[in-house]
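Chemist: Supplied in C-alpha cells, the structure appears directly below.
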Amino acid sequence: MQRPYFRLIAVFALAGLLSCSEPQMVLVLSPTQVTVLHADDILVIDDTLVRPMLYHNLPHFEELPVEESKAKFIGAVLPAILIAKFKIDSVRTEVMALTQKKKWTPTDSALYRTQTERFRAKNISSLLDKMQTHPNSIVLAQAIVESGWGSSRFFQEANNLFGIWSYNTSEPRIAAGKSRNGTRIYLRKYDNISESIVDYFETVARARAYRHFREARKTTSEVATLVPHLRYYSERRDEYVEQLQTIIRQNDLTQYDRHQLDPAYFIPKTLP
Numbered sequence: 006m007q008r009p010y011f012r013l014i015a016v017f018a019l020a021g022l023l024s025c026s027e028p029q030m031v032l033v034l035s036p037t038q039v040t041v042l043h044a045d046d047i048l049v050i051d052d053t054l055v056r057p058m059l060y061h062n063l064p065h066f067e068e069l070p071v072e073e074s075k076a077k078f079i080g081a082v083l084p085a086i087l088i089a090k091f092k093i094d095s096v097r098t099e100v101m102a103l104t105q106k107k108k109w110t111p112t113d114s115a116l117y118r119t120q121t122e123r124f125r126a127k128n129i130s131s132l133l134d135k136m137q138t139h140p141n142s143i144v145l146a147q148a149i150v151e152s153g154w155g156s157s158r159f160f161q162e163a164n165n166l167f168g169i170w171s172y173n174t175s176e177p178r179i180a181a182g183k184s185r186n187g188t189r190i191y192l193r194k195y196d197n198i199s200e201s202i203v204d205y206f207e208t209v210a211r212a213r214a215y216r217h218f219r220e221a222r223k224t225t226s227e228v229a230t231l232v233p234h235l236r237y238y239s240e241r242r243d244e245y246v247e248q249l250q251t252i253i254r255q256n257d258l259t260q261y262d263r264h265q266l267d268p269a270y271f272i273p274k275t276l277p
C-alpha cells in the first residue's frame with residue numbers, strides 16, 4: 006500500500022560554479038512510501054539499480070524462514086541507506102559549492118552555520134570530511150548486528166536500526182528494557198528507518214570515538230581497512246569488529262557496495 010510522496014532535492018556539483026543570477030539544475034527524488042501489509046510487499050534486491058522505497062509497518066522478520074528473512078531485511082534497509090546517503094550527499098554538494106563562492110549570501114551563511122553545528126565541524130574542510138558517507142556493506146552489517154536482523158524491540162517499535170540512545174527528554178523516544186548504574190536508558194524513535202540511518206551517519210561524523218574511522222574513510226573505501234576502526238562502536242571492541250567481518254563475509258554484503266538509486270526515479274528540474 007503506497008503512501009504520499011515526499012521530495013528530496015540534490016543540487017548538481019556544478020551549481021556552485023555558477024553565479025547566483027544563473028539558473029541551477031537540481032535532481033528531485035520522490036521515494037515511494039509503502040505501508041507493509043505482508044512481507045511480499047517488500048521488494049527483494051535483484052539489481053544494482055535500486056528503487057527508492059521507504060517501508061513502514063515492517064514485519065517481524067524473525068518469524069520468516071531464515072533466507073527469506075535476510076532477503077526481506079536487506080530489501081527494506083538497503084533502499085533506506087541509499088536514500089539517506091542521497092540526502093546527506095545533496096547537502097554536502099551545496100556545502101562544497103560554497104568553497105567556489107567569493108561572497109556568501111545570508112542563505113549560504115545559514116547553511117554553513119546549520120551544518121557545522123550539526124556535524125560539530127570547525128571549518129568547511131572539516132565539515133566536508135565529516136559529511137562523507139561510507140560503503141553500504143558496512144552500514145548493512147552494523148544494522149544487522151545492532152538490530153538482530155530486525156528482531157530488536159527498538160527497531161520494531163522505534164525504527165531505530167543502530168541502538169542510538171536518547172538524552173533529550175523532548176525528542177521522540179522509547180525506554181530500553183534495562184538501566185545502567187540505576188539510570189533508565191532511552192532510545193531514539195524515528196518516523197522511518199532512513200531517518201535512523203541519517204542519524205547514524207551524523208553520529209559517526211561527530212563522535213570522537215570514531216575519529217580514526219573518519220580519517221581512514223578520507224583515503225579509502227576498502228571495507229577490510231575501515232571496519233577495524235569501528236571497534237569503539239561497541240563495548241565488545243575486537244569481538245564486535247570480528248562479528249561485523251563475519252556478517253559481511255557470510256552474507257556477501259560487499260556485493261551491495263555497487264548498488265545505487267535507480268536514475269529513472271530522479272527528475273531533473275531547473276531552479277530560477
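Take 6 as the starting number for the sequence shown in our numbering and just add one per residue.
Note that beta-carbon positions come from the ideal geometry of N, C-alpha and C, so glycine has one too.
This one's a predicted model, so the numbers in the text were calculated from it and none came from an experiment.
(1) Tell me LYS274's beta-bridge partners as DSSP assigns them.
(2) How would you write the range of the alpha helix (DSSP H) that THR230 sits in, first residue to last?
(3) In whole angstroms, give me the CA-to-CA distance for ARG189 and TRP170.
(4) If you draw a straight line from the alpha carbon of VAL82 to that of LEU145, how long is it in whole angstroms?
(5) According to DSSP, is ASP257 helix, strand or coil?
(6) For the pair the stretch 197-212 and the stretch 77-91, tell me if three or more CB-CB distances fall below 8 angstroms.
(7) Whose C-beta lies closer than 7 angstroms to the C-beta of ASP46 among residues of the same chain, with five residues either side of it excluded?
(8) I'd like to know if the stretch 172-186 and the stretch 138-154 are in contact, where contact means that at least 3 CB-CB pairs between them fall below 8 angstroms.
(9) Given this structure, state the Cα-to-Cα distance separating LEU231 from PRO70, to the nearest angstrom.
(10) Pull up the CB-CB distance for ASP262 and ASN141, whole angstroms please, since I reckon it's below 8 angstroms.
(11) For THR104, I'd like the list of residues in its chain whose CB is within less than 7 angstroms of its CB, leaving aside the five on either flank, ordered along the chain.
(12) Spell out the partners DSSP gives THR188 in its beta bridges.
(13) Taking LYS75 as the reference, which of ARG158, VAL203, ALA148 has the closest Cα?
(14) Could you give the DSSP three-state label for ALA180: helix, strand or coil?
(15) Among the residues of its own chain, which have a CB less than 6 angstroms from the CB of TYR195, if the five just before and after it don't count?
(16) What did DSSP end up calling LEU69 once you bin it into helix, strand or coil?
(17) Which residue's Cα is closest to the Cα of PHE78: LYS223, TYR60, ALA214?
(18) Do you know how far the Cα of GLN250 is from the Cα of ILE143?
(19) Let's see if you can read the secondary structure: which residues bound the alpha helix (DSSP H) around VAL203?
(20) Report yes if the C-beta distance between ILE5 and LEU192 is below 7 angstroms; otherwise report no.
Modeler: Let me lay it out:
(1) Here residue 274 refers to the residue found at position 269 when the sequence shown is read from its first residue. Note: LYS274 sits in a beta bridge opposite VAL31.
(2) By 1-based counting over the sequence shown, the position of residue 230 is 225. From DSSP, the alpha helix (DSSP H) with THR230 extends over 228-231.
(3) In the sequence shown, counting from the first residue as 1, residue 189 sits at position 184. In the sequence shown, counting from the first residue as 1, residue 170 sits at position 165. Distance between the alpha carbons of ARG189 and TRP170 is about 11 angstroms.
(4) Position 77 of the sequence shown holds residue 82. Position 140 of the sequence shown holds residue 145. Each residue's alpha carbon lies about 7 angstroms from the other.
(5) The sequence position of residue 257 within the sequence shown is 252, counting from 1. Reduced to three states, the DSSP call for ASP257 is coil.
(6) yes
(7) As a first step, residue 46 is located in the sequence shown; it is residue number 41 there, counting from the start. Hits under 7 angstroms: VAL39.
(8) no
(9) Walking along the sequence shown from the start, residue 231 turns up at place 226. Walking along the sequence shown from the start, residue 70 turns up at place 65. The alpha-carbon atoms of LEU231 and PRO70 are separated by roughly 32 angstroms.
(10) Along the sequence shown, one-based indexing puts residue 262 at 257. Along the sequence shown, one-based indexing puts residue 141 at 136. So it is a contact: roughly 5 angstroms between Cβ atoms.
(11) The sequence position of residue 104 within the sequence shown is 99, counting from 1. Correct list, in chain order: ILE129.
(12) For this step, residue 188 is matched to residue 183 along the sequence shown. DSSP output for THR188 lists ARG185 as bridge partner(s).
(13) In the sequence shown, residue 75 corresponds to position 70, counting from 1. Looking at the Cα atoms, ALA148 is the closest of the given residues.
(14) Reading the sequence shown from its first residue, position 175 is the one you call residue 180. Of the three classes helix, strand and coil, the one that applies to ALA180 here is strand, per DSSP.
(15) In the sequence shown, residue 195 corresponds to position 190, counting from 1. Here the set comprises ASN164, SER201.
(16) As a position in the sequence shown, residue 69 is number 64, starting the count at 1. LEU69 falls in the coil class under three-state DSSP.
(17) Against the sequence shown, residue 78 aligns to sequence position 73. Ranking the options by Cα distance to PHE78, first place goes to TYR60.
(18) Working through the sequence shown from its first residue, we reach residue 143 at position 138. Working through the sequence shown from its first residue, we reach residue 250 at position 245. So the two alpha carbons sit approximately 9 angstroms from each other.
(19) Reading the sequence shown from its first residue, position 198 is the one you call residue 203. Note, VAL203: alpha helix (DSSP H), 198-211.
(20) Not covered by the structure: residue 5. The range shown for the chain is 6 to 277.
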